[in-house]
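Trainee: Take the sequence shown: its position 58, counting from 1, is numbered 60 in my numbering, and each next residue is one higher.
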Amino acid sequence: MKFTGDIWLNAPRAAVFAKLRDARFFASCVEGVQALSEIDGDHYTAVLDTKVAYLKFKFNVMVEVARVDPPREIEAKIEGTPLGIVGRLTARSLTRLTEDDGATKVSYEVD
Numbered sequence: 003m004k005f006t007g008d009i010w011l012n013a014p015r016a017a018v019f020a021k022l023r024d025a026r027f028f029a030s031c032v033e034g035v036q037a038l039s040e041i042d043g044d045h046y047t048a049v050l051d052t053k054v055a056y057l058k059f060k061f062n063v064m065v066e067v068a069r070v071d072p073p074r075e076i077e078a079k080i081e082g083t084p085l086g087i088v089g090r091l092t093a094r095s096l097t098r099l100t101e102d103d104g105a106t107k108v109s110y111e112v113d
């Protein structure tokens, strides 16, 4: 399953990028993220509460920031296990930032 979207922010790209490198801020922008804990600057654990169609799932996830290209891109790998059922979650997240006339477009893709 693939999720994509764009968000426009009225701020310079470098400032937006700096905010997104703050894991707590980034997590606050993602619906369903709870209990974020930092292992080190590039590794985090969290609980992800999500819904697919009419089914709700909760996962314990491990996030690794795999690549950072300031102030353009942040790529992460996500792995997790569901709570209460058998299964596995693996995903890749790519966040791209482009600037246009002082505003920043944040494009995200999770696959």
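Virtual Cβ for every residue (Gly too), placed ideally from N, Cα, C.
Just so you know, these numbers come straight off a predicted model, no measurement behind them.
(1) With DSSP collapsed to three states, give me the class of Val-49.
(2) If you measure between the beta carbons of Glu-81 and Thr-92, is that distance less than 8 angstroms?
(3) Output needed for Ile-9: all residues of its chain with C-beta closer than 6 angstroms, excluding positions within five of it in sequence on either side, in chain order.
(4) Does the distance from the C-beta atom of Gly-7 to that of Tyr-110 stay below 8 angstroms?
(5) Any idea what DSSP makes of Val-65, helix, strand or coil?
Mentor: For this structure:
(1) The residue labelled residue 49 in the question sits at position 47 within the sequence shown. Strand.
(2) The residue labelled residue 81 in the question sits at position 79 within the sequence shown. The residue labelled residue 92 in the question sits at position 90 within the sequence shown. Their beta carbons are under 8 angstroms apart, which means Glu-81 touches Thr-92 by this criterion.
(3) Here residue 9 corresponds to residue number 7 of the sequence shown, with the count starting at 1. Excluding residues within five positions, the ones whose Cβ falls inside 6 angstroms are Val-108.
(4) Here residue 7 is taken as the residue at index 5 of the sequence shown, counted from 1. Here residue 110 is taken as the residue at index 108 of the sequence shown, counted from 1. Result yes, Cβ atoms of Gly-7 and Tyr-110 sit closer than 8 angstroms.
(5) Against the sequence shown, residue 65 aligns to sequence position 63. Three-state result, Val-65: strand.
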